[in-house]
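Visitor: Numbering (this note's numbering), first residue to last: 116 to 438. Idealized CB from N, CA, C, for every residue including glycine. In this text, all values refer to a predicted model and were calculated from it rather than measured experimentally.
#1: Residues in its own chain within less than 8 Å of residue 244 by CB, not counting five upstream and five downstream?
#2: Are the CB atoms of residue 420 and residue 309 within a distance shorter than 9 Å?
#3: Could you name the residues that DSSP lists as bridge partners for residue 182?
#4: DSSP three-state label for residue 153, please.
#5: Can you tell me whether residue 234 is helix, strand or coil according to DSSP?
#6: Return the residue from the list 236, 145, 177 and 218 that minimises the CA-CA distance to residue 197.
#7: Tell me the start and end of each unbroken alpha helix (DSSP H) in the stretch 346-382 that is at least 4 residues and wholly inside, in chain order.
#8: Mind checking which residues open and close the beta strand (DSSP E) that includes residue 298?
#9: Measuring straight from C-alpha to C-alpha, what distance separates residue 221 and residue 365?
#10: Using DSSP bridges, identify the partner residues of residue 145.
#11: I need the boundaries of the beta strand (DSSP E) containing residue 400, first residue and last residue.
#12: Counting pairs of Cβ atoms below 8 Å between the stretch 234-251 and the stretch 396-410, do you hit three or more?
#13: Could you check which residue in 335, 387 and 286 has the C-alpha nearest to that of residue 425?
#14: Would you report the Cα separation of residue 435 and residue 357, rounded to the nearest angstrom?
#15: Select from 301, 168 and 199 the residue whose C-alpha is nearest the C-alpha of residue 138.
#16: Using a Cβ-Cβ cut-off of 7 Å (strictly less than) and excluding sequence neighbours within five positions of residue 257, which residues of its own chain qualify?
#17: Of the choices 411, 189 and 178, whose alpha-carbon is the least far from that of residue 240?
#18: Looking at the unbroken alpha helix (DSSP H) that takes in residue 266, where does it start and where does it end?
#19: Just the Cα atoms here: how many angstroms apart are residue 186 and residue 165?
#20: In its own chain, which residues sit with a C-beta less than 6 Å from the C-beta of residue 263, not counting the 5 before and 5 after it?
#21: For residue 167, I'd like the list of residues in its chain whose CB is within less than 6 Å of its CB, leaving aside the five on either flank, ordered along the chain.
#22: Do residue 223 and residue 174 come within 9 Å of each other at the CB atom, strictly closer than that value?
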């Protein structure tokens, strides 16, 4: 996809100081994913959706201290699922990981969640125990599974006329290496809108009532211009990780540049019915231009979005069982 000299796709397992761990409830169709940084990471954030479910995102703000965070948690369960971070913190503390206050270690953990209560069992959400196990898996190493795993277990898209008219989506990954520079993107794709590949082909979204053809979410949105609540259970959450060295302010800018991938691949996007959020984190000290890294990050995220769809495909019969 990215056609630059010496820029090659690579395994996410090659990214230094960065691990991925999952816990999935395949019966309830929800889960949690932990991005663990063994040596900590400086992080920034961009929130473009109108209804985010998040915890400790102020740790990414440029006006707060430049302390490195230990983990980013991406989960299901909407605001209920934020309880997963309790288990993540407990797991990190038990492994002697966290900010040393002089009295105890306090793990620094940010979390954002999707709304997946409309798919599977709405009364089952990621909890502290699930967060603990996902964190333990991340401490042990990186899982490179994609699709219906972790936070993507209950992810769906194209829901402007209800979940049953949409499509299954999930968790996507893409990573590239350019010289010494690594950039990876992970995304939990759970959008109100239709999904397009980076090349512009519609690959998931709103279906006709008989599910034989696609309809268009933007057209459906504009059928009625009266103010209304379009809540159907949405939010796309993702993270870009690089070994280039940047401040929190610069990483927040990179996260906002990465948002162009959302605009390219999700239509409509960042509505008041979404909680779209992107983190950007660095794990190394490679010197790189912010404009180049932000541009590449958007390209890598766009491919991760496509991967989230491609790796989550299930039959219509299987999909409709859980709507």
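Guide: Let's see:
#1: The residues are 202.
#2: no
#3: DSSP output for residue 182 lists no bridge partner at all.
#4: DSSP places residue 153 in strand when its eight states are reduced to three.
#5: The answer is coil: DSSP assigns residue 234 none of H, G, I, E or B.
#6: 145
#7: 363-380
#8: 296-303
#9: If I take the Cα positions, the gap works out to 25 Å.
#10: 140
#11: 392-401
#12: no
#13: 286
#14: 38 Å
#15: 199
#16: 127, 128, 134 and 135
#17: Comparing alpha carbon positions, the residue from 411, 189 and 178 closest to residue 240 is 189.
#18: First-last for residue 266: undefined, no H or E at that position.
#19: 24 Å
#20: 285 and 427
#21: 390 and 392
#22: yes
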